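Chains as they are written, first to last, in my numbering: chain A, 1 to 204; chain B, 205 to 909. By construction, the Cβ of each residue, glycine as well, lies at the ideal position given by its N, Cα and C atoms. Since this is a predicted model, take the numbers as computed values, not measurements. Worksheet for the structure shown next.
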Amino acid sequence: MLKLLTAMLAAGAFAGSALAAGPDLGKPAPDFAAVDTNGKPVRLADFKGKLVVLEWSNHQCPYVRKHYGAGNMQKTQGVAQAMGVTWITIISSAPGEQGHVGAAEANKLTAERNAKPSHVVLDPQGKIGRLYAARVTPHMFIIGADGKLLYKGGIDSIRSSRQSDIAQAKNYVTAALGELRAGKQVADADTIAYGCTIHYRDGS
Amino acid sequence: MRVVVAAAWLAAAPAHAQDSAASDTVKTENVAARLLSERIALVPGETAWLALHLAIRPGWHTYWLNPGDAGEKTEIAWTLPPGFSAGAIQWPAPQRLLEPGNIAIYGYTGTAIHLVAVRVPADAKPGERVTLAAEARWLVCEKICLPEDGKFRLTLGVQAPGSVAPVEGRWADIFDAARAALPKASPWPATFALAGKTLTLRFDGAALDAARIETIEFFPTEPGAITPAARQAVRHDAKGFTLALEAAGKAGALKTFEGVLVIKERLDSGTVTQAFAIAAAPGAAAPAAASSLSLGLALLMALAGGIILNLMPCVFPVLSMKALSFAAHGGGRRMGRHGLAYTAGVLALFAAIGAVLIAFKGMGAEIGWGFQLQEPVFVMLMAYLMFVIGLNFSGLFELGGAFAGVGGKLAGRQGLSGAFFTGALAAVVATPCTAPFMAAAIGYALAQPAPAAMAVVLALGLGMALPFLALSYSPALLRRLPKPGPWMERFRQFLAFPMYATAAWLAWVLSLQAGDGALLATLAGAILIAFGLWAWSAARNAARRGRRIAAAFAILALAGAGALVAWAERGAPARDAAAAGERWAAFDPAKLEALRREGRPVFVNFTAAWCVTCIVNEKIVLQSDAVWAAIRKKGIVAMKADWTRRDPAITRALAELGRSGVPVYAVYPPGAGAPALLPQILTESIVLTEFAAFPDRPAAQRAGQ
């Protein structure tokens with residue numbers, strides 16, 4: 001009887017915790033539909049069969065500037081492009097907040113920085129950001145060909161805004177893409193994302 | 205308003221001015237940063253304390269060691285002369301700042317002081333001037349974030365080895381504040397356990413007074429083990445408290461769980477923040493799982509627990525006698541009504557207990573199931589009750605009237621009220637047995653709004669009544685009970701022994717709570733009760749005159765037992781005095797007056813185990829050798845007034861001092877002068893300064909102490 005009680009207690013502990021922050025690794029990534037900065041519709045479900053990388057960005061954030069300024073983000077995008085991976089850059093800054101841009105400005109930034117995303121999606125309501133519990137810029141996610149979440153976390157392993165640290169850091173996204181191409185498991189699938197907080201709209 | 209504050213802040217420091225040898229200032233867009241030296245010179249072989257002091261623009265913040273969801277910790281890179289070395293930053297306790305989007309960061313607003321110990325080599329040359337250079341980087345954020353940095357240089361002279369370098373008076377407050385904000389050694393052993401997505405942190409030791417606690421927050425040193433923005437649910441119980449944290453990706457890999465526990469406690473003098481360094485070891489699943497229990501499951505568990513209660517040594521005998529009396533009578537519809545009346549009796553008593561629990565909780569008291577057992581008088585009465593039931597089973601006396609069911613009289617001969625009271629009695633008898641079984645469900649219930657709490661308590665009662673109810677409605681079940689016969693009498697006599705055993709256990713509990721005096725009182729009372737009941741029983745069978753005499757004996761004996769209960773209650777605090785510790789004398793107002801008349805100063809430490817600030821003051825200040833050296837030197841009598849259990853004498857003494865809560869530190873001068881009250885946050889220097897006012901006590905007199 002005591003055993004039964006203990007088992008019931010344990011079951012209760014699990015049942016009560018269904019509410020988690022963001023999508024879980026190995027589980028289907030939440031679907032979203034949007035229109036990119038070139039007017040093309042983007043739906044996550046349409047990319048089934050291909051790897052997808054999500055990158056949260058805010059071009060004025062020192063941590064984003066670190067990686068774009070040193071060409072590290074572009075290099076990572078290049079690796080993805082060569083593998084035929086869809087790269088979606090998402091901007092969730094609310095209107096009036098740092099990093100908020102219109103479509104024209106977003107495209108200008110892509111051209112200026114020589115960035116290579118497949119799509120840039122504006123998310124001023126923060127809907128996609130909250131769906132993924134994206135907290136910082138840059139915050140990175142990799143979604144498998146079967147639509148399941150394979151990676152969530154930071155761009156690399158050294159939490160700093162200094163470009164000089166990039167050389168010593170492990171680029172988690174490049175490493176994960178390499179492992180996936182080789183048919184291996186992602187070794188570091190859940191890392192700590194560092195950067196500036198995403199400036200979401202209040203409430204909602 | 206903000207503009208004015210900001211303007212004042214801008215004026216505070218000119219850009220990069222070296223205003224003295226002991227400080228160097230850098231002014232950035234959002235931070236006025238200074239590198240300060242606590243002392244104006246260095247001493248070979250000693251540690252020099254430096255501080256990076258950041259005055260942060262209003263509305264902006266910098267970050268802690270673990271910055272939380274975003275940001276980056278402040279860093280200092282040192283360039284020191286050969287032989288010098290700098291330690292790691294001593295981080296003050298952080299604040300948690302919440303932002304939209306379920307984001308939280310750990311950092312500082314206003315000012316952030318980062319202490320660093322610099323080791324001066326023993327071969328540093330006296331008379332030389334030495335330059336300590338540092339490059340600090342910090343990320344400062346409001347809505348946007350800016351990485352900033354500053355280069356600092358301090359040039360200080362080296363003094364002779366063994367000399368004492370003077371303190372730079374201007375920074376003394378800053379260094380004091382910085383040390384006060386550092387996490388202290390934790391007085392509570394901590395363990396952690398992961399269950400699903402809940403990471404529980406358990407702190408054992410003293411139960412805190414929840415009514416005085418404003419917030420309890422845990423800040424992990426390493427990022428990734430918990431969700432920084434998630435609510436941290438606190439649950440207090442009699443043995444300590446538990447934090448339920450939302451686990452994140454790295455929780456599974458924890459070996460030890462380190463961090464800082466920040467408690468904001470309300471005192472008479474305002475709210476005080478205390479921080480403790482925590483290194484939690486892996487532990488068994490903490491009892492906090494209750495918070496993630498669903499209401500349905502809690503109800504189910506309470507029901508199951510209630511059924512189990514029927515098997516408890518204190519309940520089973522009562523119930524089996526009742527059941528057997530049913531069996532003797534055969535069952536039928538009338539039995540069903542009796543079953544319902546019994547159930548109503550059980551539920552009425554559980555409802556009453558539930559109402560008391562909820563009412564106490566509403567008043568802010570932290571109590572759990574079994575709270576009654578913390579009261580020695582209740583324990584004593586329970587022991588008597590068990591003993592009396594045992595005597596009844598043994599056949600020393602027979603009961604009539606409402607409690608007849610206990611006596612095994614036939615159920616048919618008594619009214620429904622008899623069944624009702626049997627139910628209530630069974631519930632009373634069950635309470636000492638409930639605590640260990642029902643802790644989870646009741647713990648859950650107490651954390652819920654009143655209706656849910658009541659539902660759980662009633663489910664427990666229903667579970668307890670259920671077997672009996674089923675029996676009364678099912679003749680088939682009833683037929684399965686053994687046939688009544690003379691063996692029932694022997695069985696009843698046998699069942700007296702579990703009751704005696706329970707009484708013995710309760711007497712032991714009482715001896716722990718209230719000492720051997722109370723134990724003696726209980727045993728003497730038990731004998732008086734046994735005698736009284738025997739006399740009463742004899743009186744019922746005797747002729748009229750003998751009846752009066754026997755009844756008088758019975759009343760006298762029972763009154764004697766009652767007086768012993770009262771005496772035991774008064775005697776109870778004796779144990780606290782003994783436990784107060786050898787160095788501290790137990791607080792005694794009469795002794796206090798006598799000592800003052802003798803010309804002795806008295807220091808009274810009004811404290812309680814549930815008061816966080818009291819514990820910190822004792823650990824950091826009142827246990828220090830310097831304080832005890834002064835106490836001995838000045839011939840001060842140190843008394844401890846332990847208010848862990850409310851004590852009327854201490855409450856009165858506090859009221860006389862114009863206070864309503866602890867900590868209070870009162871220094872009574874010899875004679876009749878008014879006592880001096882020390883601040884609620886002590887430092888060694890405050891205590892020593894106060895004690896210094898008294899003349900030294902001659903060594904000859906000291907030896908006699």
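Judged by DSSP secondary structure, B/Leu398 falls within the beta strand (DSSP E) whose first and last residues are Ala394 to Ala399.
In the DSSP assignment, B/Thr251 is bridged to B/Arg323. Annotation: the continuous alpha helix (DSSP H) that includes B/Trp832 extends over Asp829 to Lys837. Pairwise C-beta distances place the segment 60-78 of chain A out of contact with the segment 35-49 of chain A, as fewer than three of them are shorter than 8 angstroms. Shown in chain order are the members of the segment 123-147 of chain A whose Cβ falls below 9 angstroms from a Cβ of chain B: Gly126, Gly129, Arg130, Ala133, Ala134, Arg135, Val136 and Thr137.
Taken residue by residue, none of the segment 310-331 of chain B has a beta-carbon sitting less than 8 angstroms from a beta-carbon on chain A. Sequence-distant Cβ neighbours of A/Gln81 in its own chain, meaning closer than 6 angstroms and more than five residues away, are Lys116. Residues of the segment 339-352 of chain B with a C-beta less than 9 angstroms from any C-beta of chain A: Arg341, Leu343, Cys345, Lys347, Ile348, Cys349, Leu350 and Pro351, listed in chain order.
By the Cβ-count criterion, B/Pro883 is exposed, with fewer than 16 other Cβ atoms from all chains shown falling within 10 Å of its own Cβ.
Scanning the segment 710-753 of chain B for uninterrupted beta strand (DSSP E) segments of 3 residues or longer gives nothing; none is fully contained. Close to B/Asp273, with beta-carbon spacing below 7 angstroms, are these residues of chain A in chain order: Arg135, Val136 and Thr197. Interface residue (Cβ-Cβ distance to chain B less than 8 angstroms): A/Glu97 is classified as such. Relative to the Cα of B/Ala442, the nearest Cα in the group B/Ala813, B/Leu254, B/Thr313 and B/Ile280 belongs to B/Ala813. Distance between B/Glu450 and B/Ala397, taken at the CA atoms: about 12 angstroms. Under the Cβ criterion of 8 angstroms, A/Tyr68 is not counted among the residues facing chain B. Burial check for B/Glu339: the Cβ neighbour count within 10 Å stays below 16, so the residue is exposed. Bridge partners of B/Gly311 according to DSSP: B/Tyr267 and B/Gln299.
Fully enclosed beta strand (DSSP E) runs of no fewer than 3 residues occupy 86-91 of the segment 77-118 of chain A, in order along the chain. Residues of chain B whose Cβ lies closer than 8 angstroms to the Cβ of A/Asp36 do not exist, since the nearest Cβ in that chain is about 22 angstroms away. Rounded to whole angstroms, A/Ala94 and B/Glu346 show a C-alpha spacing of 15 angstroms. Less than 8 angstroms divides the Cβ of B/Trp268 from the Cβ of B/Pro298. Rounded to the nearest whole angstrom, the CA to CA distance from B/Gly736 to B/Gly750 is 14 angstroms.
It is roughly 10 angstroms from the alpha-carbon of B/Ala628 to the alpha-carbon of B/Gly622. Residue B/Ser889 holds the alpha-carbon nearest to the alpha-carbon of B/Val825 among B/Phe423, B/Ala842, B/Val806 and B/Ser889. Residue range Arg333 to Cys345 is occupied by the beta strand (DSSP E) that includes B/Cys345. Against chain B, the beta carbon of A/Ile192 has neighbours under 7 angstroms at Pro427 and Gly428, listed in chain order. Rounded to whole angstroms, the gap between the alpha carbons of B/Ala734 and B/Ala707 is 13 angstroms. Put simply, of B/Phe520, B/Ala767 and B/Phe582 the residue whose alpha carbon is nearest the alpha carbon of B/Met668 is B/Phe520.
Listed along the chain, the chain A residues whose CB falls inside 7 angstroms of the CB of B/Gly453 are Asp190. Straight-line spacing of the CA atoms in B/Gly766 and B/Gly558 works out to 27 angstroms.
Here the alpha carbons of B/Met586 and B/Val592 stand approximately 10 angstroms from one another.
Taking 8 angstroms as the CB threshold, B/Glu303 lines the interface with chain A. Using a CB distance cut-off of 8 angstroms, A/Ser57 does not count as an interface residue toward chain B. Not a single C-beta of chain A is nearer than 8 angstroms to the C-beta of B/Glu462.
Taking C-beta atoms under 8 angstroms as the contact rule, B/Arg243 and B/Ser289 fail to qualify, at a distance of about 18 angstroms. The residues Arg341 and Leu343, in chain order, have a CB closer than 7 angstroms to that of B/Pro351 in the same chain once the five nearest residues on each side in sequence are set aside.
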